[in-house]
Amino acid sequence: MTEQMRLMAVHAHPDDESSKGAATMAKYVADGAKVLVATCTGGERGSVLNPKMDRPEVLADITNIRRAEMARAREILGVDQAWLGFVDSGLPEGDPLPPLPEGCFGLQDPEEAAKPLIKLIREFRPHVMTTYDENGGYPHPDHIMCHKVSVVAFEAAGDPEKYPELGEPWQPLKLYYNSGWTRARMIALHEGMLAAGLESPYTEWLEKWSDRDDRGDKITTRIECGEYFHTRDDALRAHATQVDPDGFWFRIPLELQQKVWPTEDFELVRSLVDSPIPESDLFAGIHESAVRSEV
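In my numbering, the protein residues as written are 1056 to 1350.
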């Protein structure tokens, strides 16, 4: 690398960074890149999803506990991290859905809510950004707002006429959406478990799968990062209020995952450099551009 590459991953809550693209971030840190996680909210309204942590004293101090969990996960991944300062919206449930809490992240004006992210982009100067698709990966109001804010910030950060009070302009060169659970990935792991004589945790999911949920055909970029799956899992376990270490997410042996689906996958949605599709590197086209600019 002629210049240290910089990657910014924008996430809605603490723990999202460890379940979406974490092995990719760990790989790039090991390769010498600088990686910054921007966390939109503090996860204040998140439920305690680990039965072992579902205790009154945990619920009473959930904000501080989730910050401490994030600090541990950040250390495990080797990344830097910044809080954007918004308040968790919670996940509304019921029919009809109740209104979102006043002042929460999901009710913000994206043009205004993008300001702290634009400031952070101009300070950190990432070459690449990752975030969620327009559906938020799944329809949580904070994930959807994270998408909106990220897109506004990507487009505005390099424009000297927009938000001049937020620092010197800097234009990231590529914007990706994280790819979550595609049907192809789930089938591969499901069949891998059965072939190994193990019970698959995905049987019921696959029976209920809808084609409308699948964005597998939109994947442009696959990052080989299987050797960092253990780092991803350690970071995820650091979010002890959100993840049961004996639960669903850890039932597939790492060796099987590394054999059957050793990549994390992304969708390139905006690029200001030439990088032929399919890609195997989030910085594809950027290295070459940097070299050309020095000639």
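Quick reminder that beta carbons are idealized off the backbone N, C-alpha and C, glycines included.
Predicted model only: the values in this text are computed from it and were never measured.
Sequence-distant residues of the same chain with beta carbon closer than 6 Å to Ile1332, five excluded per side | Within the sequence shown, numbered from 1, the residue matching residue 1332 stands at position 277. Thr1275, listed in sequence order.
Counted within 10 angstroms of its Cβ, other Cβ atoms place Arg1110 as buried (16 or more) or exposed | If you number the sequence shown from 1, residue 1110 lands on position 55. Burial call: exposed.
For Leu1244 versus Val1315, is the C-beta spacing smaller than 8 Å?
-> Here residue 1244 is taken as the residue at index 189 of the sequence shown, counted from 1. Here residue 1315 is taken as the residue at index 260 of the sequence shown, counted from 1. It is a contact, given that the beta carbons lie within the stated cut-off.
For Glu1349, does the three-state DSSP call read helix, strand or coil?
-> Here residue 1349 refers to the residue found at position 294 when the sequence shown is read from its first residue. Because the pLDDT of Glu1349 is 40, which lies under 50, any placement of that residue in the model is unreliable, and the number read from its coordinates should be weighed accordingly. It is helical.
Just the C-alpha distance for Ser1102 and Arg1121, rounded to the nearest angstrom, thanks.
-> Counting from 1 along the sequence shown, the entry for residue 1102 is found at position 47. Counting from 1 along the sequence shown, the entry for residue 1121 is found at position 66. Going from the Cα of Ser1102 to the Cα of Arg1121 covers about 11 Å.
Are the beta-carbon atoms belonging to Ala1078 and Tyr1283 less than 8 Å from one another?
-> Indexing the sequence shown from 1 puts residue 1078 at position 23. Indexing the sequence shown from 1 puts residue 1283 at position 228. Yes, the pair counts as a contact, with Cβ atoms nearer than the cut-off.
According to the Cβ coordinates, are His1068 and Asp1197 closer than 8 Å?
-> Position 13 of the sequence shown, counted from the start, is the residue given in the question as residue 1068. Position 142 of the sequence shown, counted from the start, is the residue given in the question as residue 1197. Contact: yes.
Return the chain-ordered list of same chain residues with a C-beta closer than 8 Å to the C-beta of Val1350, the five sequence neighbours on each side being excluded.
-> Start at 1 with the first residue of the sequence shown, and residue 1350 comes out as number 295. Confidence in Val1350 is poor, its pLDDT being 33 and thus under 50, which makes the residue's placement unreliable; the coordinate value appears in the next sentence. Correct list: empty, nothing qualifies.
Look up Ala1064 in the DSSP assignment and say whether it is helix, strand or coil.
-> Against the sequence shown, residue 1064 aligns to sequence position 9. Residue state, collapsed to three classes: strand.
Sub-8 Å separation of Ile1173 and Met1063 beta-carbons = Locating residue 1173 in the sequence shown gives position 118, where the first residue counts as 1. Locating residue 1063 in the sequence shown gives position 8, where the first residue counts as 1. Taking 8 Å as the Cβ cut-off, Ile1173 and Met1063 do not qualify as a contacting pair.
Is Gly1191 closer than 8 Å to Trp1138 when the C-beta atoms are compared?
-> As a working mapping, residue 1138 is identified with position 83 in the sequence shown. As a working mapping, residue 1191 is identified with position 136 in the sequence shown. For Trp1138 and Gly1191, no; Cβs fall outside 8 Å.
Write down every uninterrupted run of the alpha helix (DSSP H) in the region 1098 to 1176 whose length is 4 residues or greater and which is fully enclosed by it, in chain order.
-> 1111 to 1115, 1117 to 1132, 1165 to 1168
At what residue ranges does the region 1261 to 1336 contain a whole run of the beta strand (DSSP E), taking only runs of 3 or more?
-> 1276 to 1279, 1318 to 1326
Measure the C-alpha to C-alpha separation of Gly1158 and Gly1133 and round it to an integer number of angstroms.
-> Taking the sequence shown and counting its residues from 1, one reaches residue 1158 at position 103. Taking the sequence shown and counting its residues from 1, one reaches residue 1133 at position 78. Each residue's Cα considered, the two are about 32 Å apart.
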